[in-house]
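Reviewing the structure listed below.
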Amino acid sequence: MVDKEEKEGKREAEEVKGILSAVSTQVPGLIKSILASVFSEEAGRNMGKAAAAYYKELKNGGLPDQVAVKLTEDYMRTFTSLGDMMKSIGTRKEHGRNGEDIGEEIEKRLKQKLGKGKREHEQKDEEDED
Numbered sequence: 742m743v744d745k746e747e748k749e750g751k752r753e754a755e756e757v758k759g760i761l762s763a764v765s766t767q768v769p770g771l772i773k774s775i776l777a778s779v780f781s782e783e784a785g786r787n788m789g790k791a792a793a794a795y796y797k798e799l800k801n802g803g804l805p806d807q808v809a810v811k812l813t814e815d816y817m818r819t820f821t822s823l824g825d826m827m828k829s830i831g832t833r834k835e836h837g838r839n840g841e842d843i844g845e846e847i848e849k850r851l852k853q854k855l856g857k858g859k860r861e862h863e864q865k866d867e868e869d870e871d
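Read left to right, the sequence shown gives residues 742 to 871 (my numbering).
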């Protein structure tokens, strides 16, 4: 019985290892791809068109020029804030807070959590046996 549980635990550990490996290699590429789409020439053109259309709608709605300009600036700030956030994520993708590769940091934290869960499960099994 214990042998079967031990084999199951090893199989689960191998599955988790495979998942962690995929996450640590796929996430940085995904972030890079998102950054490229946000900061592309086409994205800039689209952002300019969106801001112009927004301003035009505000003016057509009867808002004074000063208010329409302020609201349009705020609207654009939303785009740039998102861009800045994505850039900051992109720069952290190479190295985490402690200089570790972000994929390695994710893997390390998941292993810690999984190890803690496994220890709790083992303690529960021991209590059940008593």
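Idealized CB from N, CA, C, for every residue including glycine.
Next on the checklist: Within the continuous alpha helix (DSSP H) that includes residue 804, where are the two ends?
Outcome noted: Neither: residue 804 is in no alpha helix (DSSP H) and is coded neither H nor E.
Next on the checklist: What does the Cβ neighbour count give for residue 809, buried or exposed, with the cut at 16 atoms within 10 Å?
Outcome noted: Around the C-beta of residue 809, 16 or more other C-beta atoms lie within 10 Å, and the residue is accordingly described as buried.
Item to check | Secondary structure of residue 781, DSSP reduced to three states | outcome: Reduced to three states, the DSSP call for residue 781 is coil.
Next on the checklist: Determine whether the beta carbon atoms of residue 813 and residue 804 lie at a separation below 8 Å.
Outcome noted: For residue 813 and residue 804, no; Cβs fall outside 8 Å.
Checklist entry - Any C-beta of chain C sitting closer than 8 Å to the C-beta of residue 774? => result Chain labels in this structure do not include chain C; a single protein chain is all it has.
Next on the checklist: Can you give me the C-alpha to C-alpha distance between residue 796 and residue 822, rounded to a whole angstrom?
Outcome noted: Roughly 19 Å separates the two Cα atoms.
Checklist entry - Is the beta carbon of residue 816 sitting closer than 8 Å to the one on residue 792? => result Contact: yes.
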